[in-house]
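Student: Last residue of the sequence shown: 157 (the working numbering), numbering continuous.
Where a beta carbon is used, it is the ideal one built from N, C-alpha and C, also for glycine.
Please read these numbers as outputs of a predicted model, since none were measured by experiment.
Let me give you the structure first, and then I'll get to my questions.
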Amino acid sequence: MVADETLLTVVDVNQRLPLVRSIVRDVMELHRDISLRKQRMVSLRERYPAAGGDDSVYEQEVVQMESELSQDEQRLDDFAQELHQIGGTLRDAQSGTVDFPGDMDGERVWLCWRSDEPEVLYWHSGDCGKTNRVSLYHELSSGGYLAENGLQQDA
Numbered sequence: 003m004v005a006d007e008t009l010l011t012v013v014d015v016n017q018r019l020p021l022v023r024s025i026v027r028d029v030m031e032l033h034r035d036i037s038l039r040k041q042r043m044v045s046l047r048e049r050y051p052a053a054g055g056d057d058s059v060y061e062q063e064v065v066q067m068e069s070e071l072s073q074d075e076q077r078l079d080d081f082a083q084e085l086h087q088i089g090g091t092l093r094d095a096q097s098g099t100v101d102f103p104g105d106m107d108g109e110r111v112w113l114c115w116r117s118d119e120p121e122v123l124y125w126h127s128g129d130c131g132k133t134n135r136v137s138l139y140h141e142l143s144s145g146g147y148l149a150e151n152g153l154q155q156d157a
């Protein structure tokens, strides 16, 4: 288990990525499924609003869906907790974005990975967004970060 204050290097995070990928794949699949079922539930509620004491087939289906959604939302929380135990924080279940606490020149930053990326390629210091992520390769080319994190610079 990784402590909350443990700062990870790029190498540390990349070593964890096989497990992270597996968890995030499950997260994204479950998130898609939950989203579709929520849309179906809203559609059923709109087409067949529950009248007081209504025990229609549709109302029974909605009640069943609500129960299953609640259980699956708990599963999502469990996946997020698994990621936390290995040092990551799930930021976005839809895109599969996970942040890891790191250090860049004495500043606490987040090493940011998304499910479609082969390795950790970005970092940010505030909220994660497409415009907030900074390429590690930009930082790596400055040289100092390479040696501190056990990385090799290509010639």
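With a cut-off of 8 Å on the beta carbons, I'd call Asp80 and Thr91 a contact; round off their distance for me.
Tutor: At roughly 15 Å, the Cβ-Cβ gap does not stay under 8 Å, so Asp80 and Thr91 are not in contact.
Student: Starting from the C-beta of Asp14, find all residues in its chain whose C-beta is less than 7 Å away, skip the five residues before and the five after it, and write them out in chain order.
Tutor: none
Student: Between Gln96, Ser97 and Gln87, which lies nearest to Pro103 when the distance is taken from Cα to Cα?
Tutor: Closest option to Pro103, judged by alpha-carbon separation, among Gln96, Ser97 and Gln87: Gln87.
Student: Taking DSSP's pairing of strands, which residues face Pro103 in a bridge?
Tutor: Trp112
Student: Under three-state DSSP, which class holds Val136?
Tutor: If DSSP states are grouped into helix, strand and coil, Val136 belongs with the strands.
Student: Checking 8 Å against the spacing of the C-beta atoms, do Leu9 and Asp105 come in under that value?
Tutor: Yes. Within cutoff.
Student: Smallest Cα separation from Glu70: which of Tyr50, Leu32 and Asp129?
Tutor: Leu32
Student: Let me know the secondary structure DSSP gives Cys94 once reduced to three states.
Tutor: The displayed chain sequence assigns Asp, not Cys, to residue 94. Three-state DSSP puts Asp94 in a strand.
Student: Name the DSSP bridge partner or partners of Tyr50?
Tutor: The partner list for Tyr50 (beta bridge, DSSP) is empty, contrary to what the question assumes.
Student: What residues match up with His126 in a beta bridge as DSSP calls it?
Tutor: Trp112
Student: Rounded to whole angstroms, what is the Cα-Cα separation between Arg49 and Met43?
Tutor: Answer to the nearest angstrom: the Cα atoms are 10 Å apart.
Student: Judging by CA-CA distance, which residue of Arg110, Val64, Asp107 and Leu38 is the nearest neighbour of Arg47?
Tutor: Val64
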